[in-house]
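Structure first, commentary second.
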Amino acid sequence: MPELRVLLKNIDVPNQKDLAVYEQDQGYATLRKAREQTPDEVIEIVKTAGLRGRGGAGFPTGIKWSFVPKDPNLEKYLVCNCDESEPGTFKDRVIIEKDPHQLIEGIAIASYAIGAKKAFIYSRGEFYEGIHILQAAVDEAKAKSHLGDLDIVVHTGAGAYIAGEETAQLDSLEGRKAQPRSKPPFPAIAGLYGKPTVVNNVETLCNAVHIVKNGAEWFQSIGKERNNGTKIFQISGHVKKPGVVELPLGTTLREVIFEHAGGMLDGRTFKAVFPGGSSCSLLTEKDLDVEMDFDSLAKLKTMLGTASLIVMDDSADMVKVAHRLMEFYQNESCGKCTPCREGTRWMVQVLERILSGEGTQSDLDLILNVCDDMAANSFCPLAVGAAPPVISSVVNFREEFEAYVQKNPNADKPREMKVKAYI
Amino acid sequence: MSTETKNKQSENIKQEMINLTIDGQVVSTPKGSTVYQAAQQLGIDIPIFCYQDRMPALGACRMCLVEVEKMPKLAASCSQGAMEGMVVHTKSKKAEDGRKSIIEFLLINHPLDCPICDKGGECPLQDNTLDYGSGISRFVEDKRKLEKKTALGPLLIVDQERCIACARCTRFGEIVAGDDALKLKDRGFRTEIGTPNDQPVESKFIGNTIQMCPVGALTSQVYRFRARPWDNDTVESTCTLCAVGCNMKVDTRDNEILRVRSVENRDVNDIWMCDKGFFGYEHVNDDNRIKTPLIRRNGELVPAGWEEVLELIANKFKEVKASPKVGALGGSPLTVEENYFFQKLFREVVESPNVDARVGLSQQDKDQEAIPAGTEISLGEIESLDNVLVLGSDLTETFPVIWLRLKQGMNNGAKVVVTGHHQTEVSPHSNKEIIHAPGEEFAVLDQLEKEVLPTLKGKSALFIGEQYLKSTSRRKILSTLLKWKKQNPELSLNILEGTGNDLGARFAGMHPAIGPAGSDAKQTGLSSSDMLIQASKEPWDLFYVAGANPAAKVPAPLWDQIREKTKFLVVQDLFLTKTAEEADVVLPTLSFIEKGGHVINIEGRIQEIRAAKSAPEGLLSDAEIFTLIAQRLGTTLILDKEFSEHLKVERLPFKVPTQLEEISASTQLEEIKGEQLRLSLSQKLFDHGTRVQYSPAIEQLVKEPTISIHPEEAINRLLKEGDLVVVESEQGTLKGTLKVTEAVAKATVVIPEGFPELSVAQLGMKLSNATAVIVKKG
Ligand SMILES: Cc1cc2nc3c(=O)[nH]c(=O)nc-3n(C[C@H](O)[C@H](O)[C@H](O)COP(=O)(O)O)c2cc1C
Ligand code: SF4
Ligand code: SF4
Ligand code: FES
């Protein structure tokens with residue numbers, strides 16, 4: 001099936017980032033159309049369309065918007081999540097760099113729907129170029145009065161994966177260290193500065209523009225039931241054509257990898273893939289025909305997440321993969337809760353030891369067990385996502401781990417704890 | 001939810017209740033409670049680390065995991081709301097396994113240096129490990145290696161390896177004290193305790209964090225490695241280092257004080273104390289204490305026996321009996337009983353009416369004073385107030401723990417308006433602030449009357465402090481507040497003034513116009529400043545000074561005259577103060593930690609102090625000294641029955657007159673001329689008084705005192721920060737270092753009291769706020 005470009009339609013148009021160019025293809029007309037309807041009508045369209053959040057969790061967007069209290073005296077905020085720090089994820093970046101006005105129009109529509117007069121774009125700080133492009137676009141849209149009384153602030157993060165988690169993002173916006181908050185209360189009730197706040201991903205908000213423009217039925221006609229619309233897939237790893245590709249939800253994994261990403265590098269064979277960013281269980285050869293949508297992947301006990309495919313061929317060393325990913329989570333753990341702060345570190349140490357040839361047979365079960373404990377009892381989903389890549393690597397490629405362990409002559413003996421004097 | 005919000009809710013008559021089952025028992029709990037709180041109602045103990053019931057739950061440590069039926073994961077009971085019909089298991093295998101896993105995670109990087117850890121024996125991590133820890137560790141990696149001894153300022157030492165990142169200490173600064181003193185820096189397993197910008201910790205309350213830390217990560221410079229808790233003897237008492245009167249316990253070992261901790265009293269200090277309370281006891285252990293009576297021979301103070309000095313004093317008393325030129329000064333550090341004996345000794349034995357515990361700058365006569373210090377509400381009520389007006393009171397410097405109670409009130413929704421001559425630590429938290437020059441109080445009160453009074457709804461309180469009270473218009477200011485009270489019956493009046501046992505001294509009758517228990521003195525005596533002024537002009541027979549240092553409280557030339565004209569000077573104190581150095585007889589006495597008795601705090605609450613250690617050999621308490629002297633003169637000093645009855649009530653009633661008659665006494669403000677500025681005296685918690693000087697830990701918290709003016713005033717005078725300047729009043733001059741800050745009102749100069757190195761007393765006797773002075777280059 002060919003690519004179906006909706007969000008990415010104009011990314012290759014020269015100077016698409018300029019307002020004048022954006023306006024040529026009905027730019028901001030949809031916003032005007034939305035404002036001719038009541039906010040509730042706008043929410044209803046998005047609800048009917050069945051749009052699910054593209055930030056990873058897949059929560060229905062219209063329903064999220066409808067949670068915001070209608071009280072006109074209450075200040076409300078919209079936060080656009082552009083932290084994009086999940087390994088393998090690079091879709092929001094394309095939009096803010098190539099077609100920023102599409103996002104701004106989406107933000108304005110969503111703000112109108114929930115009654116927010118102030119919106120924030122929280123971008124990861126490393127998007128240096130994108131942030132400047134976004135800021136220029138916001139200024140231009142403001143200058144040409146497209147935004148009405150809506151104020152949009154582009155905020156730069158300081159480099160933390162956890163700042164992508166919505167409540168941690170709110171803390172960061174308020175000037176604190178990014179650490180997740182307890183839910184309830186959910187942001188829609190008490191979010192930024194304690195006020196009702198909707199946090200939506202960049203791709204989610206862009207989808208809203210097209211839904212309002214083309215109608216709920218059009219959106220439902222794409223993809224599958226409960227999994228409607230297109231999705232920007234990002235493919236990285238050992239493929240011929242890494243990059244972004246927009247396809248209807250439900251396209252098979254095989255098609256994404258072997259048609260759109262050009263298949264595996266010459267002379268290599270497919271080994272495994274993380275289908276939805278790094279925080280999910282990997283899939284192998286036998287799973288290639290799975291349809292890439294929220295529900296089908298959930299059935300395989302993995303996740304669509306951000307639809308970021310990290311593809312590995314037969315040259316991938318799964319112990320190194322597990323170690324590298326766990327190291328990421330160790331470094332990105334915010335440190336608030338015990339299981340994640342301590343567990344990620346512990347697992348990195350064990351994997352390092354295995355890699356250095358000092359692993360023991362019992363380490364493998366220890367990894368499975370500790371990862372379970374960590375994911376089961378953590379405060380937020382970061383640690384929940386840290387476990388599956390490692391667990392699924394051990395489960396699917398246990399022989400690779402055992403090969404490392406067997407380098408250790410004492411592999412079958414339990415290791416003695418090193419006791420050190422600290423006094 | 002904090003306990004406070006819960007208290008507020010329980011005031012609602014119809015509190016919605018919900019029912020849930022925990023470990024098979026049904027419990028009915030107010031809506032909004034957490035599972036942890038409901039379990040507590042049943043007496044079911046759930047282990048916690050990060051949760052501390054004075055702060056909202058954080059849910060971070062995960063120690064409190066429980067199993068809730070129909071929930072896919074274990075729930076953190078401290079933050080999990082209790083819901084109708086919920087079925088909770090705290091002891092199921094699943095719940096216990098969850099908690100075991102948390103303990104395992106907490107221990108893998110914990111140094112387990114229990115044998116040398118201060119917390120050992122009173123450590124929640126130790127206790128929970130006993131309950132949930134596995135005997136064998138699955139962790140065979142290297143433990144995290146971190147700094148074992150980082151000093152974050154003079155009092156606090158952190159052992160980064162022991163920290164379990166529960167965030168109690170950092171949240172205390174954010175939520176309870178509002179000083180943001182500590183921060184968890186970096187993230188993940190690299191998380192460490194630090195301070196903003198890595199500066200020495202800035203807090204008056206850091207002792208509380210040491211007390212709250214559930215492990216031995218935070219220790220104090222003073223107690224660190226000094227004892228194991230089970231070796232300590234503990235006595236509960238009351239702190240008398242300021243007039244809040246925090247309840248405390250004193251730990252001693254081999255008769256040496258090792259540390260002070262707070263004791264919960266919801267009516268007074270809740271569970272808090274300030275660092276003066278935590279660490280200010282050190283002077284008691286100091287070797288510079290006077291060890292024997294001293295007597296002046298050939299111009300030198302030399303040791304003498306008690307017999308000799310008591311006999312000498314008794315004989316002097318006989319000589320000066322009924323002389324009008326005799327005075328008794330001091331009493332703030334003494335107990336109520338001791339003050340009672342002190343005034344009785346003078347009024348009845350020496351037959352002198354000149355007794356005054358108030359030794360210092362301004363002392364109004366009874367009429368000017370109008371209403372003495374005290375609070376209408378109890379300190380425990382502060383956290384449920386809706387509105388507070390803080391008028392001219394530097395709360396954190398004078399009544400530190402009242403600030404903590406007020407902050408809790410603000411967390412519960414109280415609105416706070418602050419006025420004064422300079423900004424304070426409360427300023428950033430206030431909803432409205434008016435900074436104004438001394439003397440402009442009435443304009444400010446007018447403004448408040450128009451803008452703020454009409455908006456007050458619910459329980460409101462006025463806290464009026466020394467900036468306003470040390471004004472010549474004190475009576476008129478108070479009469480305005482009484483008028484407000486008439487208009488708003490829900491407005492309470494709280495007069496925050498004084499320190500130590502000032503209220504107790506007054507109640508005992510150490511006041512020239514007032515006898516015991518508030519009776520009128522049979523014969524009105526001279527106030528301490530009138531005595532001192534008189535003694536500077538004409539020969540004076542005798543001064544008996546107990547727990548005061550008048551030499552530091554009057555201009556030096558004036559003191560020289562007083563000393564010269566005073567025939568006999570007795571000083572009774574812990575240390576050889578400036579006054580003691582010039583005495584004829586010096587009597588060593590006991591500190592508040594070595595004796596028993598009663599003290600009265602700012603609320604008029606009568607509290608007990610108890611001896612936590614025995615008296616140093618050869619020393620007598622103030623009470624014993626007074627009794628022995630009286631005995632030699634044929635009088636037995638006893639507490640009379642009627643007076644002791646008064647000490648049995650919980651709180652003395654705070655009597656607020658319904659209105660104050662205008663009196664003719666001058667309330668006119670002196671005109672300000674040309675270059676003059678108005679003086680405002682400020683107070684510092686860590687001043688350079690004797691007790692701080694001999695408490696090495698808190699002495700390090702003393703900041704160099706400065707003379708502060710607004711930048712505009714500095715420019716007008718061609719002065720800049722750091723300049724050496726001279727302040728001139730009509731009566732004297734004072735040299736010091738200039739601080740230029742926008743925190744101070746224009747037309748104002750702020751000078752702290754309590755620093756020998758910047759002795760504001762040099763500017764004259766009877767100084768008041770708004771006294772006109774000149775500041776110029778020195
Ligand atoms: C550790 C972590 C990192 C996350 N990072 C991002 C991110 O970079 N961008 C994003 O949109 N959502 C991220 N999320 C998901 C957000 O919490 C939130 O669900 C999302 O922004 C909601 O937007 P949506 O409803 O439009 O999907 C992250 C979640 C977690 C737990
Ligand atoms: S799981 Fe815990 S430590 Fe990890 S990021 Fe979430 S709150 Fe922070
Ligand atoms: S120092 Fe103590 S109180 Fe502070 S976070 Fe660490 S363990 Fe908790
Ligand atoms: S006590 Fe509940 S999570 Fe820490």
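First to last, the sequence lines map onto chains Z and Y.
Here the working numbering is used: the first residue of the first sequence is 1, the next is one more, and so on.
Here the working numbering is used: the first residue of the second sequence is 1, the next is one more, and so on.
Ideal Cβ positions, reconstructed from N, Cα and C, are used throughout, including at glycine.
Please read these numbers as outputs of a predicted model, since none were measured by experiment.
What's the C-alpha gap between serine 384/Y and alanine 137/Z?
Linking serine 384/Y to alanine 137/Z through their CA atoms gives a straight-line distance of about 49 Å.
Any heavy atom of ligand 3 closer than 7 Å to the Cβ of isoleucine 102/Y?
Relative to ligand 3, isoleucine 102/Y has its C-beta separated by 7 Å or more from all heavy atoms.
Quick one: what's methionine 312/Z bridged to in DSSP?
BP columns for methionine 312/Z point to Ala272/Z.
Does any residue of chain Y have a CB that is nearer than 8 Å to the CB of arginine 353/Z?
At a cut-off of 8 Å between beta carbons, arginine 353/Z contacts chain Y.
Hey, does asparagine 197/Y have any beta-carbon neighbour from chain Z nearer than 8 Å?
It does not: the Cβ of asparagine 197/Y has no partner Cβ on chain Z nearer than 8 Å.
In or out: valine 302/Y buried (at least 16 other Cβ within 10 Å) or exposed?
Exposed: under 16 other Cβ atoms inside 10 Å.
Can you tell me which of the three DSSP states alanine 414/Y falls into?
Look at alanine 414/Y here: in three-state DSSP terms it is coil, with no helix or strand label.
Against chain Y, does asparagine 408/Z count as a neighbour if the rule is that its beta carbon must be under 8 Å from one of theirs?
By this cut-off, asparagine 408/Z is not an interface position.
If you compare alpha carbons, which of Met55/Y, Lys476/Y, Arg610/Y, Asp159/Y is closest to glycine 596/Y?
Ranking the options by Cα distance to glycine 596/Y, first place goes to Arg610/Y.
Is tyrosine 132/Y near ligand 4, with its Cβ less than 7 Å from a heavy atom?
No, Cβ of tyrosine 132/Y sits at least 7 Å from all heavy atoms of ligand 4.
Could you check whether the stretch 678-695 of chain Y touches the stretch 431-445 of chain Y, counting it as contact only if at least three pairs of C-beta atoms, one from each stretch, sit closer than 8 Å?
The stretch 678-695 of chain Y vs the stretch 431-445 of chain Y: in contact.
Limits of the unbroken alpha helix (DSSP H) element including tryptophan 65/Z:
61-66 is the extent of the alpha helix (DSSP H) around tryptophan 65/Z.
C-alpha distance - asparagine 336/Z paired with cysteine 166/Y, whole-angstrom precision
The identity of residue 336/Z in the sequence shown is lysine, whereas the question assumes asparagine. The alpha-carbon of lysine 336/Z is positioned some 8 Å away from that of cysteine 166/Y.
Can you list, in chain order, the residues of its chain with a C-beta nearer than 8 Å to that of glutamate 174/Z? Leave out the 5 residues immediately preceding and following it.
Closer than 8 Å at Cβ, skipping near neighbours: Leu192, Tyr193.
Rounded straight-line distance, which links the Cα of serine 528/Y to that of glutamine 572/Y
Their Cα atoms are separated by approximately 17 Å.
By Cβ distance below 7 Å, which residues in the same chain neighbour alanine 414/Y in space, the five residues on each side in sequence not counted?
Spatial neighbours of alanine 414/Y in its own chain (CB-CB distance under 7 Å, excluding positions within 5 residues in sequence) are listed in chain order as Leu385, Asp386, Asn387, Val388.
Opposing strand residues paired with tyrosine 544/Y [DSSP bridges]
Beta-bridge annotation (DSSP): tyrosine 544/Y is paired with Ala328/Y, Val570/Y.
At a CB-CB cut-off below 9 Å, which residues of chain Y make contact with glutamate 431/Z?
Only positions 1 to 423 of chain Z appear in this structure, which leaves residue 431/Z out of reach.
Can you pull the chain Y residues whose beta carbon is under 8 Å from the beta carbon of glutamate 342/Z, in chain order?
Within chain Y, the residues near glutamate 342/Z are Phe105, Leu106, Ile108, Asn109, Phe189.
By the 7 Å beta-carbon criterion, what residues does the stretch 75-97 of chain Y contribute toward chain Z?
Cβ proximity to chain Z below 7 Å picks out Ser79 from the stretch 75-97 of chain Y.
I need the DSSP call for valine 284/Y, collapsed to helix, strand or coil.
Taken through DSSP and simplified to helix, strand or coil, valine 284/Y comes out as helix.
Check each residue of the stretch 272-288 of chain Z: if its Cβ is closer than 9 Å to any Cβ of chain Y, include it; give the result in chain order.
None of the residues of the stretch 272-288 of chain Z has a beta carbon lying less than 9 Å from any beta carbon of chain Y.
In three-state terms, what does DSSP make of glutamine 40/Y?
Three-state result, glutamine 40/Y: helix.
What's the gap between the Cα of glutamine 40/Y and the Cα of arginine 5/Z?
Those two C-alpha atoms are separated by around 58 Å.
According to DSSP, is glutamate 192/Y part of a helix, a strand, or is it coil?
Strand, per DSSP.
Report yes if the C-beta of arginine 341/Z is less than 7 Å from at least one heavy atom of ligand 4; otherwise report no.
The closest heavy atom of ligand 4 lies 7 Å or more from the beta carbon of arginine 341/Z.
heavy atom of ligand 4 below 7 Å from methionine 374/Z C-beta
No, the Cβ of methionine 374/Z stays beyond 7 Å of every heavy atom of ligand 4.
Mind checking if cysteine 64/Y is an interface residue toward chain Z, Cβ cutoff 8 Å exclusive?
Interface with chain Z (8 Å Cβ-Cβ cutoff): cysteine 64/Y is excluded.
Going by C-alpha to C-alpha distance, which of Lys143/Y, Glu84/Y, His429/Y, Lys93/Y sits closest to aspartate 113/Y?
Checked all of Lys143/Y, Glu84/Y, His429/Y, Lys93/Y; the closest Cα to aspartate 113/Y is Lys143/Y.
Identity of the residue in Thr524/Y, Ala508/Y, Asn601/Y nearest leucine 343/Y by Cα:
One point to set straight first is that residue 343/Y is glutamine, not leucine, in the sequence displayed. Nearest to glutamine 343/Y by alpha-carbon distance, out of Thr524/Y, Ala508/Y, Asn601/Y, is Ala508/Y.
Are there 16 or more other CB atoms within 10 angstroms of the CB of leucine 7/Z, so buried, or fewer, so exposed?
That one is buried.
What would DSSP say about tyrosine 77/Z, mapped onto helix, strand or coil?
Assigned with DSSP and collapsed to three states, tyrosine 77/Z falls in strand.
Closer than 8 Å by C-beta to isoleucine 157/Y: which residues in its own chain qualify, once you throw out the five before and the five after it? Chain order, please.
Around isoleucine 157/Y: Lys149, Thr150, Ala151, Leu218, Thr219, Ser220, Gln221, Arg224.
List the DSSP bridge partners of tyrosine 122/Z.
BP columns for tyrosine 122/Z point to Asn81/Z, His155/Z.
Short-range partners of chain Y found in the stretch 369-401 of chain Z, where Cβ spacing is below 7 Å
Those would be Asp373, Ala376, Asn377, Phe379, in chain order.
Using DSSP with H/G/I as helix, E/B as strand and the rest coil, what is phenylalanine 626/Y?
It is helical.
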